[in-house]
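J.:
Number of protein chains: 2
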Amino acid sequence: MRTAAERALGVHRVLDPPGVLPQAAQRLDADPAIALDEVRIAVERLNLDAASFRQLSEAHGGDGDAVRAAVLEIVRTRGKMQNPVTGSGGMLMGVVDAVGPESPLGLVVDQRVATLVSLSLTPLWITDGLDRWDGRSEQVPAHGTAILFARSIAAVLPDDLPDAVALAVLDVCGAPALTARVVERTGARSVAVLGAAGKSGCLSLAAAAAAGAQDLTGLVRNESEAAALRAAGLADRVVVADATDPLAVAAAVGTPADLTVVCVDVPGAEHGAVLATADGGTVVFFSMATSFPAAALGAEGMAADVTMLVGNGYTPGHAALALDLYRSNPGVRALVDPRVTGC
Amino acid sequence: MRTAAERALGVHRVLDPPGVLPQAAQRLDADPAIALDEVRIAVERLNLDAASFRQLSEAHGGDGDAVRAAVLEIVRTRGKMQNPVTGSGGMLMGVVDAVGPESPLGLVVDQRVATLVSLSLTPLWITDGLDRWDGRSEQVPAHGTAILFARSIAAVLPDDLPDAVALAVLDVCGAPALTARVVERTGARSVAVLGAAGKSGCLSLAAAAAAGAQDLTGLVRNESEAAALRAAGLADRVVVADATDPLAVAAAVGTPADLTVVCVDVPGAEHGAVLATADGGTVVFFSMATSFPAAALGAEGMAADVTMLVGNGYTPGHAALALDLYRSNPGVRALVDPRVTGC
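Protein chains in written order, with my numbering: chain A, 1 to 343; chain B, 1001 to 1343.
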C-alpha cells in the first residue's frame, strides 16, 4: 500500500522497475481509469522535446513514417513518451476529461490545459496511431489519454492566444523564469544566451532584460538566425558561432558574461558556455543534451570558477511569466510565431 | 597556429576531433616533449575516479588483470585516462620533471604535486604496464609522464601528510569547498549528505559545519557505514537508506534539508536528492554518475522548486580547505584513513 505522498508522485503507476519514480521508470501503467487523486486529460497534441525529436529524426534519416512508428512503439512499450536515448520527453495539450475527487490541482472538466511536467513521466495512451502526424515536426496531433498525478502541474490555456502558440511558449517556460531569478539573485549585468533565436533563447533574453540585465549578447548559429534576432531587437549584440566549438564561442562572445544561458539543443555546448562566462559567474544549462560529466570536468579542467545550474523546468510563476513576455514583447512574438505550426 | 589562450587550454594537444577542448577529445597527443608553457610530471600514482573504477570493475566481473588491461588500452588509444562509459577520469600524483619557461603555474622541478584537473583531459603516457597494480583498487601505482597546460591546477603535496592521504583528500577537494560556499551564500541551516561516510561525503559534512550549518544529516547505505559515521561524530543524525530509492531517501531524511549534497558514486540518486530537499533549497551533485535529464526532468516532474548545481571540481582555495579539514578534524581522519591504501 502506497502512502498519499508516494501516490501523489505517481509511484503506483510504475510497473518496472518497482520503487522508482515515474520519470526513472522503464514502463508505466497508462490505464485511463483514474485514481481518486488523479486527473485524466483527453490528449489533442504532443509537443516533443527538441533534443528528442532531433535524435529520432536523425536516427531514421528524416523518414517521417519511421519516426512516427518509433514514437508509437515507445509509447506502447513504455506507457509514456520518453526517448530512450535522450531521456527526455516533451509536453502535451488537451482537455480535462475527468477529475478525481481528491485531486489538489484545481482543474475542472472541459478546461483546455497544457501539462507542464515532462512527457517522460506522464502516463500516455495513444488511440489514433498518430495518423494525422507526418513525423516531420515536434508538434504531434494525437488522440488518447494522459494522467496527471496529485503532485503535478498543468496550465489552463489562455483565451487570447492560439493553442499552438501557448503550447510552444509553455513548453520552454522554465528557461525565462530561471534566467530572471538568477539575474535577480546574482545581480548579473551581462548575459549571453547560446541558441538565442530559438523559443527558450529569445524568451530568456527578454526575461533577462525584464529582470534588469543591461548587456545582452545573443549567440546564434548562422546569418539567417542572426538577421532574425537583430530584427527582433532583443539583444544588444548578436554574434554567430557554432555553440559546440568552444573556442569559436569564446571568441564570438568576447568579454565573458556574468550569466550564460545554454538553450541550444545539441550535445557539446558545455565547454563553450564555461569559456563564455566570467570568473564568479553562472551558467544555466537548459539543453536536455547537456552532459553532466562534460560540464563538471570541463569547468574543473579549465580552473573556471563558475556556478553551473541544472535548468530545472519548474520555477513558481513560470507559465504566467513566459506568456506575459510573449504578449508584451513584439520581438519574442516575431521569433516564436514562425516556429509554431498548426496555429 | 593557436593563440596563447587556446594553447593554455591544451587545444594543441587534441588529435581527434580537432577544435574541441582536451576533455571532450577522443584522443590526445601525450608526447612527453613539452611546449614553452607546459609542465611535465613524472607520474607515481593515479587515483581513478570512483564511478569510473566501479564501472570498469563491474564490466570485468572484478577480474583485476582485465581491469588493468582495460586501463592500459584506454590510455594507449586515447592518450589520457578517460573512461569511455562514465566520461570521468580521476587525478594523479608525481614529481615535477620539467617546467617550460613560459608556464604560469609557479612549479619547480622536483616538487611533489597532485594534479587537480581531471585525468579526463590530462595527456598521459604509461611506461611500466601498471605492473605494480592488481586492478582491485582506485589507487594505481604507475610510471610514466603527464602534461599540465598553462591553464591548469596542481597542488604541491604537504610535508606533514602521507602522499596517499593527501592524494585521497585532494581528489575530492571540490566537494567541501562548494558545500561551504553554498552554505555561506544561501544561509542553509540544515544539510543532508547522501553518501556521507565516503571521502567527499565526510569532508562535505565537516565543511558544512565549519561554514555554519547547524543541522547535519548523513545518509549512508548500511549499518556498518552508519556505525563508522556515528563514531566520527560528523553528523547530528545518521540514517540508512539506498540512495537510489527515492522514496526510501525521503523517508529516511524526514524533514527536507535546505541543502542536499550528493556524494554517492552510483547512478540514480537524483530523485531521492530532490525529494530530500526543501522548497527553495539547493541540491549539489558531486557524483559523476549524475544524469542531467534525470535531475532536470525529475525536479520539474515533482514541481520541486530546488536549485540544482553541477558540482564544479574547482572552487578557489579548495585544496587548502580540504587538507585543513582533514588535519583539524579527527572524525574526517577516522573515515578517510581506512580508505587510503599504500600509505
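Even for Gly, the Cβ is constructed at its ideal location relative to N, Cα and C.
All values derive from a computational prediction rather than experimental measurement.
So I74 (chain A) is in the beta strand (DSSP E); what residue range does that whole segment cover?
T.: It is not in any beta strand (DSSP E) - I74 (chain A) instead sits in the alpha helix (DSSP H) that spans G64 to R78.
J.: Show which residues of chain A have a CB atom less than 7 Å away from the CB atom of L1323 (chain B).
T.: Correct list: empty, because the minimum Cβ distance to chain A is about 18 Å.
J.: Hey, how far is the Cα of D1171 (chain B) from the Cα of G1090 (chain B)?
T.: 7 Å
J.: Please go through the stretch 120 to 172 of chain A and give each complete alpha helix (DSSP H) segment of 4 or more residues, from N-terminal end onward.
T.: The DSSP assignment places 163 to 171 as complete runs of the alpha helix (DSSP H) inside the stretch 120 to 172 of chain A, in order along the chain (cut-off: 4 residues).
J.: Kindly list, in the order they appear in chain A, the residues whose Cβ is closer than 8 Å to that of S1291 (chain B).
T.: At a C-beta separation below 8 Å, S1291 (chain B) has these neighbours in chain A: G87 and F292.
J.: Comparing the CB of A197 (chain A) with every heavy atom of the ligand FAD, is any distance shorter than 7 Å?
T.: Absence of the ligand FAD from the depicted structure is noted, as is the absence of any ligand whatsoever, leaving it without description.
J.: Looking at the strands, I want to know which residues DSSP matches up with S1190 (chain B).
T.: B:D1215
J.: Measure how close the beta-carbons of A1269 (chain B) and T1244 (chain B) come, nearest whole angstrom, since I'm counting them as under 8 Å.
T.: 6 Å
J.: Does the distance from the CB of Q1023 (chain B) to the CB of L325 (chain A) come in under 8 Å?
T.: no
J.: L1021 (chain B) by DSSP, collapsed to three states: which one?
T.: coil
J.: State the DSSP-derived secondary structure class of F292 (chain A), mapped to helix, strand or coil.
T.: F292 (chain A) carries a helical assignment under DSSP once its states are collapsed to helix, strand and coil.
J.: If I'm right that L1130 (chain B) touches A1142 (chain B) with Cβ under 8 Å, what's the distance once you round it to whole angstroms?
T.: 6 Å
J.: Could you give the DSSP three-state label for R230 (chain A): helix, strand or coil?
T.: helix
J.: Within 8 Å, do at least three Cβ pairs link the stretch 157 to 167 of chain A to the stretch 61 to 75 of chain A?
T.: no
J.: Are L1182 (chain B) and V1284 (chain B) closer than 8 Å when you measure CB to CB?
T.: According to the sequence as given, residue 1182 (chain B) is Val; it is not Leu. The Cβ atoms of V1182 (chain B) and V1284 (chain B) lie closer than 8 Å to each other.
J.: Around the C-beta of A1231 (chain B), are 16 or more other C-beta atoms found within 10 angstroms, so that it is buried, or is it exposed?
T.: exposed
J.: Quick one: residues in its chain with C-beta nearer than 8 Å to the C-beta of E102 (chain A), no 5 flanking neighbours on either side, listed in chain order?
T.: L36, D37 and A150
J.: Classify D1265 (chain B): buried if its beta carbon has 16 or more other beta carbons within 10 angstroms, exposed otherwise.
T.: The residue in question, D1265 (chain B), is buried, as its Cβ has 16 or more Cβ neighbours within 10 Å.
J.: Distance check for P1032 (chain B) and L1121 (chain B), CA to CA, integer angstroms please.
T.: 15 Å
J.: Answer yes or no: does any C-beta atom of chain B fall closer than 8 Å to that of L167 (chain A)?
T.: no
J.: Give the range of the beta strand (DSSP E) segment to which A1208 (chain B) is assigned.
T.: Segment K1199 to A1210 is the alpha helix (DSSP H) holding A1208 (chain B); no beta strand (DSSP E) there.
J.: Between the stretch 330 to 337 of chain A and the stretch 224 to 239 of chain A, can you find at least three pairs of beta-carbon atoms closer than 8 Å?
T.: The stretch 224 to 239 of chain A is in contact with the stretch 330 to 337 of chain A.
J.: Kindly indicate if chain A contains any beta-carbon less than 8 Å away from that of H1271 (chain B).
T.: It does; some Cβ of chain A falls within 8 Å.
J.: Is the shortest distance between the beta-carbon of E300 (chain A) and the beta-carbons of chain B less than 8 Å?
T.: yes
J.: Hey, does M1308 (chain B) have any beta-carbon neighbour from chain A nearer than 8 Å?
T.: yes
J.: Secondary structure at R1045 (chain B), three-state DSSP: helix, strand or coil?
T.: Under the three-state reduction of DSSP, R1045 (chain B) is assigned to strand.
J.: Cα separation between A180 (chain A) and V191 (chain A)?
T.: Here the alpha carbons of V191 (chain A) and A180 (chain A) stand approximately 11 Å from one another.
J.: Output yes or no for whether 8 Å exceeds the beta carbon distance between G1311 (chain B) and F1286 (chain B).
T.: Yes. Within cutoff.
J.: Taking the DSSP output, what are the residues bridged to D1097 (chain B)?
T.: Bridge partners of D1097 (chain B): none, in fact.
J.: Could you check the C-alpha separation between A1248 (chain B) and A25 (chain A) for me, to the nearest Å?
T.: A1248 (chain B) and A25 (chain A): Cα-Cα distance of roughly 16 Å.
J.: Indicate whether A175 (chain A) and S200 (chain A) have their beta-carbon atoms separated by less than 8 Å.
T.: A175 (chain A) is a Cβ neighbour of S200 (chain A), given a cutoff of 8 Å.
J.: So which residues of chain B does I153 (chain A) contact, with C-beta pairs closer than 7 Å?
T.: Counting only Cβ-Cβ distances below 7 Å, I153 (chain A) has contacts in chain B at A1303, in chain order.
J.: Which chain B residues are close to M288 (chain A), counting only those with a beta carbon under 9 Å from its beta carbon?
T.: F1292, P1293, A1296 and L1297
J.: Looking at the C-beta of E1225 (chain B), does it have a partner C-beta in chain A at a distance below 8 Å?
T.: no
J.: For the candidate residues B:L1119, B:A1154 and B:G1144, whose alpha-carbon lies nearest to that of P1104 (chain B)?
T.: B:A1154
J.: Can you list, in chain order, the residues of its chain whose CB lies under 7 Å from that of S1204 (chain B), leaving out five sequence neighbours each side?
T.: A1175, P1176, T1179, V1193, V1261 and C1263
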